[in-house]
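Visitor:
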Amino acid sequence: MEFDLVLQKRKMCRSFRDDALTDAEITSLARAALRGPSAGFSQGIEYLILTTEQDRRRFWENQVDVDWLSRNPSHRDTQAAPLLMVVLSGPTAYLTRYAMPDKGSSGLHSIENWPVPFWIFDAGASAMAVLLKAVDLGLAAGFFGIFRNQGDLAVKFNIPAELIPVGVIAVGHAKSDNRLGSAKAIPRRDPATQLHAGEYGKGSKSR
Ligand SMILES: Cc1cc2nc3c(=O)[nH]c(=O)nc-3n(C[C@H](O)[C@H](O)[C@H](O)COP(=O)(O)O)c2cc1C
35 MEFDLVLQKR
45 KMCRSFRDDA
55 LTDAEITSLA
65 RAALRGPSAG
75 FSQGIEYLIL
85 TTEQDRRRFW
95 ENQVDVDWLS
105 RNPSHRDTQA
115 APLLMVVLSG
125 PTAYLTRYAM
135 PDKGSSGLHS
145 IENWPVPFWI
155 FDAGASAMAV
165 LLKAVDLGLA
175 AGFFGIFRNQ
185 GDLAVKFNIP
195 AELIPVGVIA
205 VGHAKSDNRL
215 GSAKAIPRRD
225 PATQLHAGEY
235 GKGSKSR
């Protein structure tokens, strides 16, 4: 698909049909996840990939209880997604990498010295590669935060304590009634307020 069209079509999907994905599609999405940039090539991003109904059910049982679902029935369609990719970020890989001789003078072997946590940046970049690949494959995808039970999730799926579950990407085929999230109510900002030419807030022009 043409790149501009992929960008344009990339919207978070919250309602999926339960049609299965092919192995080739899953492999292609998994490979895309590893094609993002990586600070110092630290490669601290990993994924827990859930494809069986049993594993996906275990994930959702951990995240959503019956009461909550009965108050938010439309979220059942989110759970129909046949593929879940839990984005895991490992800060230790970054601390180790930035302690190596070519990065040693940065002082970034110590977590408090990082002005920006690049392990979270890399997780976002990797997730974006998956979201775009999904569109390229004619599929739909949505990224969701993991707001509860992180500890139980780690135990249930044997995730090492040092990895942060940043969120989950659900991938599948969109239902026709896909719900828009916050973007439904909140207008897109005027690009001139976000793109600053030369100096912040001065002489910005619309692009
Ligand atoms: C870090 C991050 C966390 C998000 N968490 C959720 C979430 O938990 N639930 C949800 O429905 N959408 C979530 N979204 C999707 C945003 O609501 C969505 O990206 C935004 O409204 C813009 O819409 P679009 O991505 O479809 O263009 C998240 C997006 C990001 C980048």
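Quick note on the numbering used here: the sequence shown kicks off at 35 and runs consecutively. Think of the CB as a built atom: it goes at the ideal place given N, C-alpha and C, for glycine as much as any other residue. What you are looking at is a predicted structure, and each value in this text was computed from that prediction instead of being measured.
(1) In whole angstroms, what separates the C-alpha of LYS137 from that of THR130?
(2) Using only the alpha-carbon positions, how far apart do GLY141 and ASN147 sit?
(3) So, does the stretch 97–116 touch the stretch 174–189, judging by three or more C-beta pairs under 8 Å?
(4) Going by DSSP, name the residue or residues bridged to ALA174.
(5) Within its chain, find whatever has a CB closer than 6 Å to the CB of VAL121; leave out the 5 residues flanking it on each side and keep chain order.
(6) Using C-beta distances below 7 Å, list every residue in its chain close to GLU80, excluding the 5 sequence neighbours before and after it, in chain order.
(7) So for LYS236, helix, strand or coil by DSSP?
(8) Using the C-alpha atoms, what's the distance from PRO221 back to ASP211?
(9) Going by C-alpha distance, which of TYR128, THR85, TRP102 is nearest SER54?
(10) Going straight from the alpha carbon of ASP224 to that of GLY235, what length do you get?
(11) Determine the direct distance from the alpha carbon of ILE145 to that of ALA188, and round the result to whole angstroms.
(12) Would MET119 pass as a contact of LEU63 if the rule is Cβ separation under 8 Å?
(13) In whole angstroms, what separates the C-alpha of GLU233 from that of THR227?
(14) Can you tell me the Cα-Cα spacing of ALA58 and GLY215, whole angstroms?
(15) With a threshold of 7 Å (Cβ to nearest heavy atom), would SER216 be considered close to ligand 1?
(16) Taking the DSSP output, what are the residues bridged to ARG51?
Guide: For this structure:
(1) Taking the straight line joining both Cα atoms gives about 10 Å.
(2) Cα to Cα, GLY141 sits roughly 7 Å from ASN147.
(3) Short answer: they touch.
(4) ALA174 is bridged to GLY206.
(5) Result list for VAL121: ALA157, ALA161, VAL200, GLY201, in chain order.
(6) Apart from sequence neighbours up to five positions away, the residues of its chain that approach GLU80 with a beta-carbon distance below 7 Å are LEU122, GLY124, LEU197, ordered along the chain.
(7) Correct three-state label for LYS236: strand.
(8) Roughly 20 Å separates the two Cα atoms.
(9) Note on identity: in this sequence residue 54 is Ala, with Ser being the wrong assignment. That would be THR85, whose Cα lies nearest to the Cα of ALA54.
(10) Between ASP224 and GLY235, the C-alpha separation is close to 13 Å.
(11) Rounded to whole angstroms, ALA188 to ILE145 spans 22 Å at the Cα level.
(12) Between MET119 and LEU63, the C-beta spacing is below 8 Å.
(13) Here the alpha carbon of GLU233 sits roughly 12 Å from the alpha carbon of THR227.
(14) Using only the alpha carbons, I get a separation of about 30 Å.
(15) Yes, since a heavy atom of ligand 1 falls inside the 7 Å radius drawn around the Cβ of SER216.
(16) In DSSP, ARG51 forms a bridge with HIS207.
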